[in-house]
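Mapping the sequence shown onto the working numbering, position 279 (from 1) lands on 284, and the numbers just tick up by one.
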Amino acid sequence: MNQSPVFILGGAQSDFARNWNREGKHFADIMRETVIAALEASKLEPKEIQSAHVGNFAAELYAHQGQLGAFFLEVDPAFAGLATNRHEAACASGSIAILAASAEIEAGRYDVTAVVGMEQMKTVDTATGGDFLGTAGWYERECKGKDYPFPRLFGRLGDEYDKRFGLKPEHLARISSVNYSNARRNPLAQTRNWPDAESDPQQRSKLNQPLAGRIRVGDCSQVTDGCAVLVLASENYAASYAKLRARKLESLPRILGWGHHTAYLEFDKKIAESRGDSYVLPHTRRAIVDAFERAHINSVWELDGIETHDCFTTSEYMAIDHFGLTKPGESWRAIEEGTIEMGGKMPINPSGGLIGVGHPVGATGVRQMVDCYRQVTASAGGYQLDGAKRFAMLNLGGSGTTSCAFVIGV
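If you want it as structure tokens, here you go:
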């Protein structure tokens, strides 16, 4: 379980409220803007980047374009000939790109690597977009010809919790409310200027509209155009970087631990496999435990906060007990006690999460790590947690198929 440290030198995120088509922008333009912003935040020149990894789910569907690694070269002439890759694992594509970039650094191939997460989703109507997202499940068996296939699948995650332990709709509603509230503090969140459902009857009615099974509109993450970028570095490079800036190496944030597990693609097979297990998604739990062990922490209470994958309120409900905030099946306790709220014992998604910030599928894992980086460097602005030194994140692909967990800290 020993690993070479991988340091985070900086990162950036596009404004997730933007619609690139309406602006007349190609995704290459937004990638360029965000990479440049990440370099500026890291105080690096383009010539210092030695390789690049792009996480993306379905550009071939949404934008009729593959070979996304090559678009990194469009950012700056200094990137001509650079080694680049593209990675796909549905909504965990960004995390897989992070893992691949980290592995290159740990292997000594490169010292400084850029990771880009990107998805353009506002190119098609809702029904077509839902069908595209269905390819993150077993399309022929689970999603073909069904409206809102993923709200249905994650509704069934709630059904499984209800069957095993009981689940009250008001607990899911509170998760949604907390994420929307947190997003209002985040100047890059897609929903930051949306009306407050508690005081606006029209917004409340919209969010309460049933969508699929137990899932309502307010339970869902957003359809988003977005890009996020991280700059990762080896210990040797980070030491030189810190010395040039009169900083101590120990002050630079790093990936302290990671976990990565893959479950069956079909939801039914995941659930069948978990019969008799304490956790509904045991592979997700194992990814979290692996990240904790690699980070040499014994429990969730050694963290200062969490960014988790709330593609639907049911996935955050699952994450609460899988992280260990409660015993399995008792996530409701952390919700009722305010544990997950800003100012609570273990705040979840101070950024606003996927529900509040937005969910550009391939960008989400990278965006989550950018937010973890901001927290542990006290640069999160209006949603900063006081004294944050260790943050964890969980990024899921498909209906819990790919689980990637990380601990980030100083």
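Note that the Cβ used here is the ideal one computed from N, Cα and C, for glycine as well.
These numbers come from a predicted model, not from an experiment.
Close Cβ partners of residue i (< 7 angstroms) along its chain, the five nearest in sequence each way excluded
| i | result |
| --- | --- |
| C377 | E312, F396, M398 and I413 |
| Y284 | R290, H327 and P333 |
| E165 | I276 and V285 |
| C148 | G139, G142 and P154 |
| L390 | D309, G310, P352, P355 and Q380 |
Simplified DSSP assignment, three categories, for residue i
| i | result |
| --- | --- |
| W263 | strand |
| I353 | strand |
| V11 | strand |
| F396 | strand |
| N24 | coil |
| T416 | Residue 416 lies beyond the range of the chain shown here (6 to 415); nothing can be said about it. |
| A324 | helix |
| A339 | helix |
| L193 | coil |
| L330 | coil |
| P3 | Residue numbering for the chain in the displayed model covers 6 to 415; residue 3 lies beyond these limits and cannot be assessed. |
| Q18 | strand |
| R379 | helix |
| P258 | coil |
| V371 | helix |
| V234 | strand |
| F272 | helix |
| R219 | coil |
Residues near residue i by beta carbon distance below 6 angstroms, same chain, minus five either side
| i | result |
| --- | --- |
| S47 | L14, G15 and V236 |
| I345 | A339 and I353 |
| L162 | T319 |
| L212 | A202, V222 and G223 |
| Y269 | K275 |
| I180 | T318 and E321 |
| A141 | A95 and G403 |
| M351 | L330 and T344 |
| I103 | V120 |
| R190 | G387 and Y388 |
| V40 | V80 and V234 |
| H288 | H266, A268 and S408 |
Per DSSP, the bridge partner or partners of residue i
| i | result |
| --- | --- |
| V228 | H364 |
| S408 | H266 and L401 |
| A170 | Going by the sequence as given, residue 170 is Phe instead of Ala. None, per the DSSP bridge assignment. |
| I413 | I260 and F396 |
| E312 | M398 |
CB-CB length for residue i against residue j, believed under 8 angstroms
| i | j | result |
| --- | --- | --- |
| F159 | T319 | 5 angstroms |
| A300 | L330 | A300 to L330, Cβ: 17 angstroms. No contact. |
| P154 | C225 | P154 to C225, Cβ: 13 angstroms. No contact. |
| F411 | W263 | 5 angstroms |
| S98 | G60 | 4 angstroms |
| G370 | C409 | 6 angstroms |
| D116 | G135 | Not quite, the Cβ-Cβ distance comes to about 42 angstroms (not below 8 angstroms), so this is no contact. |
| V121 | V234 | 5 angstroms |
| T196 | G357 | 7 angstroms |
| G71 | A64 | 7 angstroms |
| P258 | V381 | 5 angstroms |
| I316 | H364 | First, the amino acid is wrong: residue 316 is Cys here, not Ile. C316 to H364, Cβ: 6 angstroms. Contact. |
Neighbourhood of residue i by C-beta, 8 angstroms cutoff - its chain only, sequence neighbours within 5 removed
| i | result |
| --- | --- |
| E255 | V415 |
| L87 | I54, Q55, S56, A57, F77 and L78 |
| P200 | Q207 and Q208 |
| R146 | E271 |
| A43 | G15, G16, A17, A119, V234, L235 and V236 |
Those runs of the alpha helix (DSSP H) which lie wholly inside the region 117-168 and span at least 4 residues: 131-138
Uninterrupted alpha helix (DSSP H) stretches inside the region 281-310 (no shorter than 4 residues): 287-299
Beta strand (DSSP E) runs contained entirely in the region 24-112, provided each spans 3 or more residues: 56-60 and 88-92
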